[in-house]
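Participant: The structure that follows is given in the form of structure tokens.
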Amino acid sequence: MKMKLKLLSAGGKFFEVKEEVAMEFARIKSCLSDEEFHVSKEEKRRVIPVPMERRLVVMKDEVSNALVIPLGIEDSLVFEKVIHYCAKRVEFRTSNAPEAEEAMIKAFDSEFTRDLDKDIVMGMEFVAHCLDIGYLSSLMGQTLAHKFIIGKTPEQIRECFGIVNDFTPEEERRVRQENAWAFPE
Numbered sequence: 001m002k003m004k005l006k007l008l009s010a011g012g013k014f015f016e017v018k019e020e021v022a023m024e025f026a027r028i029k030s031c032l033s034d035e036e037f038h039v040s041k042e043e044k045r046r047v048i049p050v051p052m053e054r055r056l057v058v059m060k061d062e063v064s065n066a067l068v069i070p071l072g073i074e075d076s077l078v079f080e081k082v083i084h085y086c087a088k089r090v091e092f093r094t095s096n097a098p099e100a101e102e103a104m105i106k107a108f109d110s111e112f113t114r115d116l117d118k119d120i121v122m123g124m125e126f127v128a129h130c131l132d133i134g135y136l137s138s139l140m141g142q143t144l145a146h147k148f149i150i151g152k153t154p155e156q157i158r159e160c161f162g163i164v165n166d167f168t169p170e171e172e173r174r175v176r177q178e179n180a181w182a183f184p185e
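Numbering (the UniProt record's numbering), first residue to last: 1 to 185.
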């Protein structure tokens with residue numbers, strides 16, 4: 001029988017997720033036992049072991065009989081989007097042939113990232129990194145680059161990300177000369 005898990009945000013909000021979705025988070029997958037969560041030995045071998053000090057605490061909710069895993073994720077809106085995205089990936093994988101799955105994921109990725117603002121993208125990248133969701137981390141990195149970096153001047157990028165220019169005018173001139181290929185006229 002598949003088990004439900006409750007993921008607890010740092011803000012105290014519970015997110016009930018199916019086992020298949022939780023298994024998308026390599027960090028969670030690595031702390032669950034083979035017997036209780038139907039993780040094959042082959043899948044376990046692919047999971048990078050997590051050092052003891054970084055392991056997640058797993059508790060049992062006696063009322064709902066679900067496992068509760070507290071996570072240090074502050075932003076519930078971002079975490080909700082991460083769960084939604086991973087649930088869609090699981091849905092595509094379980095209901096389609098591999099060729100169709102790839103096309104559906106590509107279309108969904110495009111639609112999903114279209115209206116995300118910089119703070120949501122960066123938040124999702126952070127959560128994907130913390131929970132070790134490789135494909136989502138990759139997508140958020142690509143989204144960040146394509147929407148907020150590519151085609152922008154260094155000044156526009158600094159403004160977008162709140163980066164202070166710590167070069168003196170002379171240092172900046174020298175860097176621009178040494179790397180003229182990166183600064184088209």
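The C-beta atom is built at its ideal place from N, Cα and C for all residues, glycine as well.
#1: Looking at the strands, I want to know which residues DSSP matches up with P70.
#2: Contact check, I105 vs L8 under 8 Å by CB: the rounded distance?
#3: If you compare alpha carbons, which of I28, A103, G162, S76 is closest to K13?
#4: Which residues in the same chain have their Cβ closer than 6 Å to the Cβ of T113, if we skip the five residues on either side of it in sequence?
#5: From the DSSP output, in three-state form, read off V50 for me.
#6: Can you name the residues that DSSP bridges to K18?
#7: Label C160 either buried or exposed according to how many other C-beta atoms from any shown protein chain fall within 10 Å of its C-beta, with 16 as the threshold for buried.
#8: Taking the alpha carbon of G72 as the point to measure from, which residue in S95, L131, F148 has its own alpha carbon closest?
#9: Check whether the region 89-109 touches the region 25-34, counting contact only when three or more Cβ pairs, one atom from each stretch, lie closer than 8 Å.
#10: In three-state terms, what does DSSP make of E172?
#11: Could you check where the alpha helix (DSSP H) with V82 kicks off and where it finishes?
#12: Please name the residue, chosen from E155, V82, N96, W181, that lies closest to M140 on a Cα-to-Cα basis.
#13: From this set, T94, V127, L136, which residue's C-alpha is nearest D109's C-alpha?
Facilitator: Reading it off the structure:
#1: The partner list for P70 (beta bridge, DSSP) reads L8.
#2: Actually they are not in contact, since the Cβ atoms of I105 and L8 sit about 29 Å apart, beyond 8 Å.
#3: Ranked by Cα distance from K13, the first of I28, A103, G162, S76 is S76.
#4: Excluding positions up to five away in sequence, the list reads T143.
#5: Note that V50 scores a pLDDT of 43, beneath 50, so its modelled location is shaky; the value from the coordinates is reported in the next line. Per DSSP, reduced to three states, the secondary structure at V50 is coil, with no helix or strand assignment.
#6: K18 pairs with K4.
#7: Its Cβ having fewer than 16 others within 10 Å, C160 is exposed.
#8: Nearest option by C-alpha distance: L131.
#9: At 8 Å Cβ cutoff, the stretches do not touch.
#10: Note: E172 maps to helix in three-state DSSP.
#11: Run containing V82: 76-95, per the alpha helix (DSSP H) assignment.
#12: Ranked by how close their Cα comes to the Cα of M140, the residues E155, V82, N96, W181 have V82 in first place.
#13: Comparing Cα positions, the closest option is L136.
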